[in-house]
Every structure is written in C-alpha cells, then in structure tokens.
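Respectively, the protein sequence lines represent chains V and U. Residues in the first sequence are numbered consecutively from 23, following our numbering. Residues in the second sequence are numbered consecutively from 866, following our numbering. Some notes on the structure that comes next.
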Amino acid sequence: GAGVSQSPRYKVAKRGQDVALRCDPISGHVSLFWYQQALGQGPEFLTYFQNEAQLDKSGLPSDRFFAERPEGSVSTLKIQRTQQEDSAVYLCASKLKAPGQGRNEQYFGPGTRLTVT
Amino acid sequence: AQSVSQHNHHVILSEAASLELGCNYSYGGTVNLFWYVQYPGQHLQLLLKYFSGDPLVKGIKGFEAEFIKSKFSFNLRKPSVQWSDTAEYFCAVIRRHSGGGADGLTFGKGTHLIIQP
Chain V
23 GAGVSQSPRY
33 KVAKRGQDVA
43 LRCDPISGHV
53 SLFWYQQALG
63 QGPEFLTYFQ
73 NEAQLDKSGL
83 PSDRFFAERP
93 EGSVSTLKIQ
103 RTQQEDSAVY
113 LCASKLKAPG
123 QGRNEQYFGP
133 GTRLTVT
Chain U
866 AQSVSQHNHH
876 VILSEAASLE
886 LGCNYSYGGT
896 VNLFWYVQYP
906 GQHLQLLLKY
916 FSGDPLVKGI
926 KGFEAEFIKS
936 KFSFNLRKPS
946 VQWSDTAEYF
956 CAVIRRHSGG
966 GADGLTFGKG
976 THLIIQP
C-alpha cells in the first residue's frame, strides 16, 4: 500500500480484556514508532523499532503494554488487562531510515481508537 | 526531559486573516523541528521540517515557520488562511533519549484552528 495502515480502526474492550493492535508500515521502512494520543492531547511516544529490534521502550506506561515486530515489517502493540485509562488513539508511524540517517520524516497511520468500558 | 509548548489551544480566525501559531521547546542542544497537521477525519501529515541551514522554512499549502534559536521557538505562519486550513496543528521536536541518540518525536498538545468563512 501507499501509506501506513492500522487495524482495527476502532476497538471497544471491556476492562480486563487483552487487545492487539496491528500496524503495517510503508514497505521498506526501517524505523517504526508507536504513540498514544489521549483526547485533547498531542501524541506521546511509546516505543521504537529499528527493523526487528526494539531499541527504545521507555515510553510504555506499564508492563501491561508489549510491542513486537518479529520480521522487521508488521508490528503489533498488545495491551493486557486493559484499564479505562488506556482509552486513547494509538498511532503508528514509519520512517525510511534509522534516526540520524538522512532528513526523512515519519509517516503516520490513521490510528486505532481504543475505548475501554 | 524535552518538552514542547503550544501557547494557543484554540484559535478562531476569519478567511484571509494572517496566522501565527506559537511553539517553544525546552531542549538546548541540536534540534530538529516539525509541524504536523491533522485535518478532520484524516491522519497526521507533515507540513514542514527544520534540520539546519536557513531558519525560515517553507512548507506545503503556503505555510512557513521560523526557527529562532535564542528564543527556543519555531512559530508557524501563513499570510492568508483559507477555510480548508481548519485542522489541528502539532509542533514536534525529535526526541533525544538519555543515551544521546534520537528516535521518536515529542509533540506539543496541539492547536485547534477554526477558520470561519
């Protein structure tokens, strides 16, 4: 595809359920990022992958959040035992090269809106 | 930690008015700065970026921004806005982690711009 895609676009989960959010980056993009955007706020960094390696997960809010990118392309963000405060839009972005390699930009997907009831 | 401040959370203008949205960042080292726009129902898109060189950066759709290092600012401007500029605008800086490297983006909280016909 031409851009970053995410699925599902909307997810409603009952408190305590596990959810999995998928990101398909632009083909060939080395870097992949996950962000969390609460209502009325800017996106906040969660984690970063360079190919299949998760190089920075310092933004993950708790150990209930887990991300993977096993083959260096598609990535999944998993949230275990969801809580109401997890309700947000989860954005994925990809970038052609690694940070520091060229002045390329991050391309964002449409996001997954997660509502925990 | 770095932070990005956007002073105006909501701005309402009439068509043909001039626009300036403020952005200040806290990081004192080398910065790479961005403005992203999110039109209603669409994903985040890059308006313009600054890496080095000419501090006056021109972007898409007639937008420009000026990097003023002494003021830690990167304000967005447009001489004459159109109704189609109604959107959410986010200022961002490349996130630098404790190891000195850079990866994701740190965003401001956003400015909701409404252009009245």
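Heads up, the beta-carbon is just placed ideally off N, CA and C, and yes, glycines get one too. Keep in mind that this is a model prediction, so the values were computed, not measured.
Backbone CA spacing between residue i and residue j [nearest angstrom]
i, j, result
"Thr104 of chain V", "Gln39 of chain V", "6 Å"
"Trp900 of chain U", "Pro92 of chain V", "31 Å"
"Leu970 of chain U", "Pro982 of chain U", "34 Å"
"Leu99 of chain V", "Ala89 of chain V", "4 Å"
"Arg942 of chain U", "Ile877 of chain U", "15 Å"
"Val869 of chain U", "Ile101 of chain V", "27 Å"
"Phe130 of chain V", "Leu921 of chain U", "25 Å"
"Ser938 of chain U", "Ala930 of chain U", "10 Å"
"Gln867 of chain U", "Leu54 of chain V", "21 Å"
"Glu885 of chain U", "Asn940 of chain U", "7 Å"
"His872 of chain U", "Gly62 of chain V", "14 Å"
"Ile36 of chain V", "Thr139 of chain V", "For clarity, residue 36 of chain V is Lys in the given sequence; the question names Ile instead. Taking the straight line joining both Cα atoms gives about 5 Å."
"Val111 of chain V", "Pro132 of chain V", "9 Å"
"Val946 of chain U", "Tyr890 of chain U", "25 Å"
"Ile882 of chain U", "Pro944 of chain U", "The amino acid occupying residue 882 of chain U in the given sequence is Ala; Ile does not appear at that position. So the alpha carbons of these two residues sit roughly 7 Å apart."
"His875 of chain U", "Phe955 of chain U", "12 Å"
"Gly924 of chain U", "Phe932 of chain U", "13 Å"
"Phe87 of chain V", "Ser879 of chain U", "44 Å"
"Gln123 of chain V", "Cys888 of chain U", "26 Å"
"Lys926 of chain U", "Gly973 of chain U", "21 Å"
"Lys914 of chain U", "Phe928 of chain U", "11 Å"
Span of the beta strand (DSSP E), counted from its first residue to its last, around residue i
i, result
"His977 of chain U", "Thr976 to Gln981"
"Ala882 of chain U", "Ala882 of chain U -> no beta strand (DSSP E), and no H or E assigned at all."
"Thr139 of chain V", "Premise fails: Thr139 of chain V is in no beta strand (DSSP E) and is neither H nor E."
"Phe88 of chain V", "Phe87 to Glu90"
"Lys923 of chain U", "Leu921 to Lys923"
"Val946 of chain U", "No beta strand (DSSP E) holds Val946 of chain U; DSSP gives it neither H nor E."
"Arg960 of chain U", "Ala952 to Arg961"
"Ala75 of chain V", "Ala75 to Asp78"
"Cys45 of chain V", "Val41 to Asp46"
"Tyr904 of chain U", "Unbroken run through Tyr904 of chain U: none, as it is neither H nor E."
"Thr69 of chain V", "Glu66 to Gln72"
"Phe55 of chain V", "Ser53 to Gln59"
"Glu931 of chain U", "Glu929 to Ile933"
"Val896 of chain U", "Here Val896 of chain U belongs to no beta strand (DSSP E), and DSSP marks it neither H nor E."
Per-residue burial, residue i [other beta carbons within 10 Å of its own, 16 or more giving buried]
i, result
"Pro121 of chain V", "buried"
"Tyr32 of chain V", "exposed"
"Ala115 of chain V", "buried"
"Gly918 of chain U", "exposed"
"Ser49 of chain V", "exposed"
"Ser97 of chain V", "buried"
"Asp85 of chain V", "exposed"
"Tyr904 of chain U", "exposed"
"Gly894 of chain U", "exposed"
"Gly906 of chain U", "exposed"
"Ala952 of chain U", "buried"
"His51 of chain V", "buried"
Beta-carbon contacts of residue i that lie in its chain and below 6 Å, excluding the five residues immediately before and after
i, result
"Val896 of chain U", "Val958"
"Pro65 of chain V", "Tyr57, Gln59 and Leu113"
"Gln128 of chain V", "Ala115 and Lys117"
"Asp78 of chain V", "Tyr70"
"Val34 of chain V", "Thr137"
"Asp950 of chain U", "Ile980"
Neighbourhood of residue i by C-beta, 8 Å cutoff - its chain only, sequence neighbours within 5 removed
i, result
"Glu208 of chain V", "Outside the displayed span of chain V (23 to 139) sits residue 208 of chain V, for which this structure offers no information."
"Gly25 of chain V", "Ile48, Tyr129 and Gly131"
Contacts around residue i, its chain only, beta-carbon distance under 7 Å, and the 5 residues preceding and following it disregarded
i, result
"Arg44 of chain V", "Gln28, Ser29, Val96 and Thr98"
"Gly81 of chain V", "Glu66, Phe67, Leu68 and Thr69"
"Ser109 of chain V", "Leu136, Thr137 and Val138"
"Gln72 of chain V", "Val52, Ser53 and Ala120"
"Leu911 of chain U", "Phe899 and Tyr901"
is_contact[residue i, chain A] using C-beta, thresh 7 Å
i, result
"Tyr32 of chain V", "Given the protein chain composition of this structure (V and U), no chain A is represented."
(message) Just to confirm the assignment: which complete beta strand (DSSP E) runs, minimum length 3, are found wholly within the region 95-120 of chain V?
(response) 97-101 and 110-117
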